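Under our numbering, think of the first position of the sequence shown as 14, with each following residue one higher.
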Amino acid sequence: MLGLVAFTSVFFYTIDMIYFAHRGSNTQRVQNTVAAFALAQQQGATHYELDVHLLTDGQLAIHHDYTLLQTTGHDVMLKDLSSTDLIDYPLTNRFSADKVTIPLLREVLPVISPGLELLNIELKNDGNCYPGIEKRLLSFLQDYPHLIHKILFSSFDYDTLQRLRALCPQARIGLLTRQFEVQKALDLGAESVHINHIRFTPQIADICRANQLKVYCYTVNEVQLARQLAAQGVAGIFTDDITVFRH
Numbered sequence: 014m015l016g017l018v019a020f021t022s023v024f025f026y027t028i029d030m031i032y033f034a035h036r037g038s039n040t041q042r043v044q045n046t047v048a049a050f051a052l053a054q055q056q057g058a059t060h061y062e063l064d065v066h067l068l069t070d071g072q073l074a075i076h077h078d079y080t081l082l083q084t085t086g087h088d089v090m091l092k093d094l095s096s097t098d099l100i101d102y103p104l105t106n107r108f109s110a111d112k113v114t115i116p117l118l119r120e121v122l123p124v125i126s127p128g129l130e131l132l133n134i135e136l137k138n139d140g141n142c143y144p145g146i147e148k149r150l151l152s153f154l155q156d157y158p159h160l161i162h163k164i165l166f167s168s169f170d171y172d173t174l175q176r177l178r179a180l181c182p183q184a185r186i187g188l189l190t191r192q193f194e195v196q197k198a199l200d201l202g203a204e205s206v207h208i209n210h211i212r213f214t215p216q217i218a219d220i221c222r223a224n225q226l227k228v229y230c231y232t233v234n235e236v237q238l239a240r241q242l243a244a245q246g247v248a249g250i251f252t253d254d255i256t257v258f259r260h
C-alpha cells in the first residue's frame, strides 16, 4: 500500500507540472525557428521558452548563442547583423533539406498565440552587450496587449532583470541562475527561479516554497526525472520534446 501511494503521489505531481517547449519542438525541427514553435503548438504545447537578441536595426531575433558559429558555420556575432542580413546565414538543418533562418520575435508570436498560457522570454544580454534591449522588448510587446500578462521574462544577467523591473514594475520575472540566492529573487519581485536540474536540490524547493516562489528546471527530457523533480517540489520543467509529456 505504501508503495502504491508513493507512486500515485509522484504521478499526480507529474501530471500537474508545467511543461515549457524549450526552443520549440527542437528534437524534430531546428531549435528556435518558426517551424520548431509551430510543431510544438501542434503537439499541444501551451508553455514555451525562447531566447531573444537585439539586432542593429532594432529588431528582436530568436537564437540561443551570441555567435552563429555553431548554428550556421559562420563565426559572426548576431549583434552585428540587421534583420535583412539573416537570410544570408541559413541554419544547419539536420531534419530536412528545407532552408531555415533565424526568425524574428514578431514572426513567432502569432504562431504560438493560439492556446498560449505562458511564454518565457530569455533576454540574452550578458555584460549588457545589447544596451537598451529591455526597453526595446517592452516597447515591442505594447503591440500585443492581449499577451503581455502571459510573458515571463528571464535572463542570466541580473542587471538586465533589474533594469527591466525598473522599466515595468508589473512585469513577470523569473530569476534564471546558476547559483541560487533567494534574496536576489525577492529583491527582483520574481515569481519563479529557473535552474539547471543538476543544480537543483530539495532544499532550494523548500526555500522557494516558503517565499512563494515557483521552481522551474531545465532541461528535462525523461519522464522519470520529471516525476522525481515534481515529487521534490519543482513546479515545471523546460523540455526539448513536448510529446514525451503530452500524450
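Positions of the beta carbon are idealized from the N, C-alpha and C atoms, including for glycine. These numbers come from a predicted model, not from an experiment.
Between residue i and the rest of its own chain, which residues show a CB-CB distance below 6 Å, the 5 nearest in sequence each way excluded?
| i | result |
| --- | --- |
| Leu15 | Low confidence applies here, because Leu15 scores a pLDDT of 36, under 50, leaving its location unreliable; read the following figure in that light. Result list for Leu15: empty, nothing under 6 Å. |
| Thr97 | none |
| Gln8 | Lying before the first or after the last residue shown, residue 8 is absent from the chain, which here runs from 14 to 260. |
| Ala53 | Ala34, Gly37, Ser38 and Ile255 |
| Asp170 | Asn138 and Asp139 |
| Phe24 | Note on Phe24: pLDDT 40, under 50, position unreliable in the model; the coordinate value appears next. Correct list: empty, nothing qualifies. |
| Leu99 | Thr114 and Ile115 |
For a test of the three-state rule: what should DSSP assign to residue i, helix, strand or coil?
| i | result |
| --- | --- |
| Leu17 | With a pLDDT of only 38 at Leu17, under the threshold of 50, the placement of this residue in the model should not be trusted; the figure read from the coordinates follows. Note: Leu17 maps to helix in three-state DSSP. |
| Asn209 | strand |
| Glu62 | strand |
| Val236 | helix |
| Val257 | helix |
| Ala248 | coil |
| Leu99 | helix |
| Ile115 | coil |
| Arg2 | Only positions 14 to 260 of the chain appear in the structure, and residue 2 is not among them; the question remains open. |
| Arg222 | helix |
| Gly145 | coil |
| Phe25 | Caution is warranted here: a pLDDT of 37 is assigned to Phe25, below 50, making its placement in the model unreliable, and no coordinate value can be reported. |
DSSP puts residue i in a beta bridge; with which residues?
| i | result |
| --- | --- |
| Ile164 | Leu132 |
| Arg191 | Answer by DSSP bridge pairing: none, since Arg191 is not bridged. |
| Phe169 | DSSP, once it has assigned bridges, lists no residue as partnering Phe169. |
| Lys227 | Ser205 |
| Thr80 | Met90 |
| His35 | Glu62 |
| Ile186 | Phe166 |
| Leu67 | Leu73 |
If you follow the alpha helix (DSSP H) that residue i is in, where does it begin and where does it stop?
| i | result |
| --- | --- |
| Arg119 | Leu118 to Ile125 |
Buried or exposed: where does residue i fall if 16 or more other Cβ atoms within 10 Å of its Cβ makes it buried?
| i | result |
| --- | --- |
| Val18 | The pLDDT assigned to Val18 is 38, lower than 50, so where the model puts this residue is not dependable; a value taken from the coordinates is nonetheless given after this. Label assigned to Val18: exposed. |
| Gln44 | buried |
| Phe33 | buried |
| Gln72 | buried |
| Glu235 | exposed |
| Leu67 | buried |
Among the residues of its own chain, which have a CB less than 7 Å from the CB of residue i, if the five just before and after it don't count?
| i | result |
| --- | --- |
| Ser126 | Leu160 |
| Thr232 | His35, Phe251, Thr252 and Asp253 |
So, is the C-beta of residue i closer than 8 Å to a C-beta in chain D?
| i | result |
| --- | --- |
| Val65 | No chain D appears in this structure, which consists of one protein chain only. |
With a threshold of 8 Å on Cβ separation, who are the neighbours of residue i within its own chain once the five nearest residues in sequence on each side are excluded?
| i | result |
| --- | --- |
| Leu82 | Asp88 and Val89 |
| Phe153 | Leu73, Leu118 and Arg119 |
Give the range of the beta strand (DSSP E) segment to which residue i is assigned.
| i | result |
| --- | --- |
| Ala48 | Run containing Ala48: none in the beta strand (DSSP E); it sits in the alpha helix (DSSP H), Val47 to Gln55. |
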